[in-house]
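For reference, the structure discussed in these notes is given below.
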Amino acid sequence: MLKVELRAAKIPGLPGWIADHFWLLVIRDVEASDHETCDRWEVWQFARQNDSCWGHLHKNLLSPYQGVGNGPSRFIEQWVGDEAISIAEKIESSPYNYPFTETYLYWPGPNSNTFAQWIVGDKTRLGRRAIGQSFPVPEIA
């Protein structure tokens, strides 16, 4: 079974009163076992912070459910099975298709919320605490 989960956590400091950091999890069942794999995908304010990164875009920089310094993470939405396939494909191809891997601006974006909204598209809106979600992302041909 394939699942994609959207999660969020308050950002550290005073901005955490009004702003959240969003990320996505790609969760897959491991065949012939009762185990799962879980990869966390997000844009981080600092580039190249682990071995699985493309500029500001990181895979597994933090553990899946870990907050970002101002409390725990929280579940936002989940897509399962066929509904999750196109989202997971977009996430996993994002190192090559997301145009802002080398750019990060807290405001107005692009930032973590720009990436998360770009991934989920019209399947959901991140909400008013997702500063940067409306930053325009050009389509890559």
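So the sequence shown is numbered by our numbering: it starts at -3 and just counts up by one.
Note that CB positions come from ideal geometry on N, CA and C, so glycine has one too.
Where residue i and residue j are concerned, what is the direct C-alpha to C-alpha distance, given to the nearest angstrom?
{"i": "W75", "j": "W19", "result": "14 angstroms"}
{"i": "E79", "j": "Y94", "result": "21 angstroms"}
{"i": "I87", "j": "W50", "result": "13 angstroms"}
{"i": "A43", "j": "S108", "result": "12 angstroms"}
{"i": "W114", "j": "Q129", "result": "8 angstroms"}
{"i": "D118", "j": "W37", "result": "19 angstroms"}
{"i": "A4", "j": "D35", "result": "15 angstroms"}
{"i": "S82", "j": "V64", "result": "27 angstroms"}
{"i": "E135", "j": "M(-3)", "result": "30 angstroms"}
{"i": "S48", "j": "P91", "result": "10 angstroms"}
{"i": "I23", "j": "G123", "result": "23 angstroms"}
Exposed or buried, what is residue i when buried is set at 16 or more other beta-carbons lying within 10 Å of its beta-carbon?
{"i": "W40", "result": "buried"}
{"i": "L57", "result": "buried"}
{"i": "P106", "result": "buried"}
{"i": "S59", "result": "exposed"}
{"i": "S89", "result": "exposed"}
{"i": "S69", "result": "buried"}
{"i": "L10", "result": "exposed"}
{"i": "I14", "result": "exposed"}
{"i": "E1", "result": "buried"}
At least one CB of chain D closer than 9 angstroms to the CB of residue i: is that the case?
{"i": "T110", "result": "Of the protein chains in the structure, only one exists, and it is not chain D."}
I'd like the span of the alpha helix (DSSP H) that includes residue i, first residue to last.
{"i": "I81", "result": "78 to 93"}
{"i": "I138", "result": "The chain is shown only over -3 to 137; residue 138 falls outside these bounds and no answer can be derived."}
Assuming residue i and residue j are in contact, meaning their beta carbons sit under 8 angstroms apart, how far apart are those beta carbons, in whole angstroms?
{"i": "Y100", "j": "H52", "result": "5 angstroms"}
In the DSSP assignment, the beta strand (DSSP E) including residue i goes from what residue to what residue?
{"i": "T33", "result": "32 to 39"}
{"i": "I23", "result": "16 to 25"}
{"i": "E1", "result": "-2 to 6"}
{"i": "K119", "result": "Element bounds for K119: n/a, residue is neither H nor E."}
{"i": "L53", "result": "53 to 55"}
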